[in-house]
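Asker: Numbering (full-length UniProt numbering), first residue to last: 1 to 173. Where is the CB? At the ideal position from N, CA and C, for every residue including glycine. If you're wondering where the values come from, they're calculated on a predicted model, not measured in any experiment.
#1: Pairing CB atoms from the stretch 92 to 99 with CB atoms from the stretch 160 to 171, are three or more of them under 8 Å?
#2: What three-state label does DSSP hand residue 93 in the structure shown?
#3: From residue 44 to residue 89, what distance separates their C-alpha atoms?
#4: Would you call the CB atoms of residue 79 and residue 56 closer than 8 Å?
#5: From what residue to what residue does the beta strand (DSSP E) around residue 148 run?
#6: Could you tell me the alpha carbon to alpha carbon distance between residue 132 and residue 119, rounded to whole angstroms?
#7: I believe residue 114 touches residue 73 by the beta-carbon criterion, under 8 Å. Please report the beta-carbon distance rounded to the nearest angstrom.
#8: Using the Cα positions of residue 169 and residue 112, report the straight-line distance between them to the nearest angstrom.
#9: My output table needs one value for residue 103: the three-state DSSP class, helix, strand or coil.
#10: As an exercise, report each continuous beta strand (DSSP E) stretch of at least 3 residues that is fully enclosed by the stretch 37 to 61, in chain order.
#11: Quick one: using the 10 Å Cβ neighbour count with 16 as the cut-off for buried, is residue 142 buried or exposed?
#12: Do you know offhand how far residue 173's Cα is from residue 123's?
#13: Could you pull the start and end residues of the beta strand (DSSP E) that residue 164 belongs to?
Below, the structure written as structure tokens:
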């Protein structure tokens, strides 16, 4: 029994030393003095976004000075964003990342239904005015890439997207 414990301790010690050497091998100096590094693999997407109203001019209601304009509760419209990207297949990945970040589904287009309606009165000093329904959207800038040895970033795509959500928003002028 004593021999078994002693052997197990020796195996653990050797494994620990081997593990330590393996762990330090990735950061040990190579013969030319360079540091060997291990980088993450795969494709990485990075994005930044800002809130943006995306209107649908087909929903506009026009009126004269002093008139009250309304969009009824329950009205629906489709709102479309846009793609300006090197690879359109990346749009789905980027929309999903933004959606996760803001807590709502974001896509190239969205069916929007108002649950509250909207009313606005055209100011008396303005001859005509309008209101319209749209979507609370997001202006998105993104890029993607991967690492090549020795941990050098290689960008492989980029673009801008305008993504729509299902959240209704209104504008007037």
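Answerer: According to the data block:
#1: yes
#2: helix
#3: 14 Å
#4: yes
#5: 128 to 148
#6: 10 Å
#7: 6 Å
#8: 9 Å
#9: coil
#10: 44 to 55
#11: buried
#12: 10 Å
#13: 152 to 172
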